[in-house]
Amino acid sequence: MKFKTIRQLLTTFLLVALTFFPALLQAQSFGNPGGSGGTIDKVSVEVIPGQETVTAGSEVAFAIAMDIDDGWHLNAHNPPLDYLIGVELKMESSDRAIVSEIQYPKPLQKKFNFAEEILDVYEGTSHVLLKAKSSSNLEKGTYSLKGEFTIQACSDEVCLPPNDVELEFPFTVGEENIPANTDLFSDLESNQGAVSQGSANEIASMFSEQGAIWAFLSIFLIGLALNLTPCVYPMMSVTISLFGGTSDKKTTSTARTFSRALVYVLGIVSMYSVLGVIAAYTGDLFGSWMQSPWVLGGIGVLILLLSLSMFGLYELQPPAWMMQKLGKTQQTTGYIGHFLSGLLVGVFAAPCIGPPVIALLAFVGAQGSPVFGFFVFFVMALGLGIPYLFLGTFSGYLNKMPKSGVWMVWVKKLFGVVLVGVALFYLALAFFPQYTMYSVLATLFAGGIYLGFLERSANDKKFFRWFKYATGIAALIGAFLLFQNLQKEGIKWQEYDADLIEETDKPVILDFYADWCIPCIELERQTYVDEEVIASTEDFLRMKVDLTRYDSERAEKLRKQYDIAGVPTVMFLDSEGNEIREARVVGFLGPEDFLKKVETAKQQ
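Heads up: the sequence shown runs through residues -27 to -1, 1 to 577, numbered per mature numbering (1 follows the signal peptide of the UniProt record, and there is no 0).
Dropping the structure here:
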């Protein structure tokens, strides 16, 4: 191109500048979301304290006011569309206070031109509620917590670049608790329809209401209560098989057996403590990799190998090369082997995550403190492991009983059959989930025939022979009852369909499940086959949501959309598509308790 005059050159330059300069400014705004421009021009953010002064160790509360310009809205927490960025508060970990709850306001549901779906949004003035438990070691003075507040504003036609707003939450420690802005915080507390982040659960309430000492004691009791879940049954079998047949009455003292059991329990505790650290670093559950088919299948194979050793095929112990490096004594071999066994046994309960553990993981992830996560799960795992300390110590006395050699062969094979059943259960869970319960049925049937009528140990003892017959008959009766249960028809579910939920005028039940989830199987075989449960849910549109591939794009989107922390989770939606939060079910519930949730949903 040739420019005939300087004037023509300047004119061309100005036209180019006027064309591209606005685009450059807009690109700069997108590239620097934390700076001026974008969403921050359409909304003002203010931190409002809930107290003038607090005493050390008490709760502090803050409200984040979002004042949004007319014609604009903010995307609510966990928006349904991937390209939208929802309101989210991320707090920095601090030794001055532990965040116990982040509560987002109940969103409005609106339809916009740029999206086919109905979206959850905030308009006008809304508030996010933050609660934290201050440290009991704080001296009088002013302190502050820091966080990052992410927001994105949209109109009916366009979405602006998001902004990350740095916020400070100051509080003053004094001689007494003096509240502030009481009307506002009273309204926020009474807002039962609010959506709470995962950290807002029973665990958070423990720390905010009971204090650290009682909260950790409660966590210990939670760990102890986990021994009532079905996933710990293989832990009991493995423990007895490890300790029941290894104690030589001539050489092994009670103190040494106790020390080995203690090392075994430390293996369990170490596994869960590491998981707590991972949860703190990632801010998420300890990983769907723990629930993948290959991990479950690997557990099944390891249990199967252990079960074969109970039939006398071989004796499991760590490799010789490992023992040469760690020390060649039999005592060292026992300790290392039992510690590694404890690590493995700690994984067995992974597919059986109960609501308390989900709450623990979410709470620890929200704090972001690896040290805090370690201690929380250390205490929980101690509660889980204490029964195995005693079980491991005293199961060794089986070999010390008079004349135990003959009938102990049958007892070892009993444990072997149990472990075979557990191994088949895990293998079916991993690769043939539809036949999982049939693996239990096959174990009861085949194990009953073998242990009761075919195994010949101690048949010369009349009493013991009749005991074997009784065991075999009991197992066969159990197999028959389980077979009858498997023939029952339960609730008839439909596959998840978002369009059908929008079109229906009926209330909805959403059952989030996974093939590897053991409590999901319990719900299916115990609760959903109950006649009263079936009848009481007839008026609902009943849908199953498959989260087997937990990390898939589809599953992740659904988990974010419905705020799902783990499976099983059962949600109840009213006829307008809004969740009835107080009716939500997390984990297994028996028919009677499930019916109460259904009634709660019907009353809304």
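Backbone N, C-alpha and C define an ideal beta-carbon position, used for all residues, glycine too. Keep in mind it's a predicted model, so treat the numbers as computed, not measured.
Residue i to residue j span [Cα, whole Å]
i, j, result
"His311", "Ile276", "15 angstroms"
"Tyr411", "Gly11", "58 angstroms"
"Trp383", "Ser232", "27 angstroms"
"Leu316", "Ser243", "7 angstroms"
"Tyr95", "Trp267", "43 angstroms"
"Val211", "Ile272", "12 angstroms"
"Ala452", "Gly421", "9 angstroms"
"Tyr399", "Tyr408", "11 angstroms"
"Leu(-3)", "Ile124", "Summary for Leu(-3): the model assigns pLDDT 33, below 50, so the residue's position carries little reliability, and this model does not support an answer."
"Cys493", "Tyr486", "6 angstroms"
"Gln1", "Val16", "Because Gln1 carries a pLDDT of 30, less than 50, the predicted location of this residue cannot be relied on, and the following value inherits that uncertainty. The alpha-carbon atoms of Gln1 and Val16 are separated by roughly 20 angstroms."
"Val413", "Ile41", "58 angstroms"
"Thr227", "Phe367", "8 angstroms"
"Leu197", "Leu355", "8 angstroms"
"Thr98", "Leu157", "12 angstroms"
"Trp466", "Phe35", "43 angstroms"
"Val390", "Gly358", "24 angstroms"
"Val247", "Asp129", "47 angstroms"
"Phe561", "Glu162", "29 angstroms"
"Phe456", "Ala471", "36 angstroms"
"Pro541", "Glu25", "43 angstroms"
"Leu362", "Leu81", "53 angstroms"
"Thr444", "Phe345", "48 angstroms"
"Gln165", "Val236", "Unreliable positioning characterises Gln165 in this predicted model, as indicated by a pLDDT of 42, which lies under 50. A coordinate reading is not provided."
"Gly563", "Glu495", "9 angstroms"
"Leu102", "Ile474", "30 angstroms"
"Ile71", "Gly114", "18 angstroms"
"Glu555", "Lys435", "58 angstroms"
"Gly260", "Glu526", "Note that Gly260 scores 46 on pLDDT, short of 50, meaning its location in the model is unreliable and no value can be drawn from it."
"Thr573", "Ser159", "25 angstroms"
"Val168", "Arg69", "Residue placement at Val168 is poorly supported in this model, since its pLDDT is 45, which falls under 50; the coordinates still yield a value, given next. Whole-angstrom Cα-Cα distance: 26 angstroms."
"Leu215", "Lys63", "45 angstroms"
"Glu74", "Val33", "11 angstroms"
Contact under 8 angstroms by Cβ, residue i with residue j
i, j, result
"Phe122", "Val27", "no"
"residue 578", "Glu61", "No information on residue 578 is available, as it lies outside the stretch -27 to 577 that the chain covers here."
"Lys104", "Leu92", "no"
"Val138", "Ser107", "no"
"Val571", "Asp484", "no"
"Ile65", "Ala38", "Per the sequence shown, the amino acid found at residue 65 is Glu instead of Ile. Not in contact: Glu65 and Ala38 (Cβ atoms no closer than 8 angstroms)."
"Val506", "Lys461", "no"
"Asn458", "Arg498", "yes"
"Leu514", "Thr477", "yes"
"residue 580", "Ile309", "Lying before the first or after the last residue shown, residue 580 is absent from the chain, which here runs from -27 to 577."
"Leu364", "Met209", "yes"
"Pro78", "His100", "yes"
"Asn110", "Ala185", "no"
"Trp489", "Pro406", "yes"
"Asn150", "Ser31", "yes"
"Gln534", "Ile553", "no"
"Cys132", "Leu57", "yes"
"Ser67", "Leu118", "yes"
Supposed contact pair residue j and residue i - C-beta distance, whole angstroms, cut 8 angstroms
i, j, result
"Phe388", "Ile213", "6 angstroms"
"Ala403", "Gly539", "19 angstroms between Cβ atoms; not a contact."
"Ala419", "Leu397", "Ala419 to Leu397, Cβ: 10 angstroms. No contact."
"Lys386", "Phe284", "6 angstroms"
"Ala153", "Pro22", "6 angstroms"
"Leu279", "Leu392", "6 angstroms"
"Pro480", "Asp536", "Not confirmed; about 19 angstroms, so no contact."
"Gly425", "Ala448", "7 angstroms"
"Tyr245", "Met353", "6 angstroms"
DSSP bridge partner residues for residue i (one or two, in chain order)
i, result
"Gly114", "Val146"
"Ile132", "According to the sequence as given, residue 132 is Cys; it is not Ile. Cys127."
"Asp40", "Ser17, Thr98"
"Gly346", "The partner list for Gly346 (beta bridge, DSSP) is empty, contrary to what the question assumes."
"Ser105", "Strictly speaking, residue 105 in this sequence is Ala, with Ser absent from that position. Paired residue(s): Val33, Val72."
"residue 634", "For the chain, the structure presents residues -27 to 577; residue 634 sits outside this window and is missing."
"Phe216", "None, per the DSSP bridge assignment."
"Met544", "Leu483"
"Met64", "Gly120"
"Arg515", "Ile482"
heavy atom of the ligand COA below 7 angstroms from residue i C-beta
i, result
"Ser73", "This structure simply doesn't include the ligand COA, nor any ligand for that matter."
- May I ask you to verify whether the region 564 to 571 touches the region 84 to 91, counting CB pairs closer than 8 angstroms and requiring at least 3? Pairwise C-beta distances place the region 564 to 571 out of contact with the region 84 to 91, as fewer than three of them are shorter than 8 angstroms.
- Task: Could you tell me whether the region 185 to 204 touches the region 344 to 354, using the rule of 3 or more Cβ pairs below 8 angstroms?
- Result: Yes, since at least three Cβ pairs between the region 185 to 204 and the region 344 to 354 fall closer than 8 angstroms, the two stretches touch.
- Does the region 468 to 485 come within contact of the region 506 to 522, defined as at least 3 CB pairs closer than 8 angstroms? With a cut-off of 8 angstroms on Cβ pairs, the region 468 to 485 is in contact with the region 506 to 522, counting three or more such pairs.
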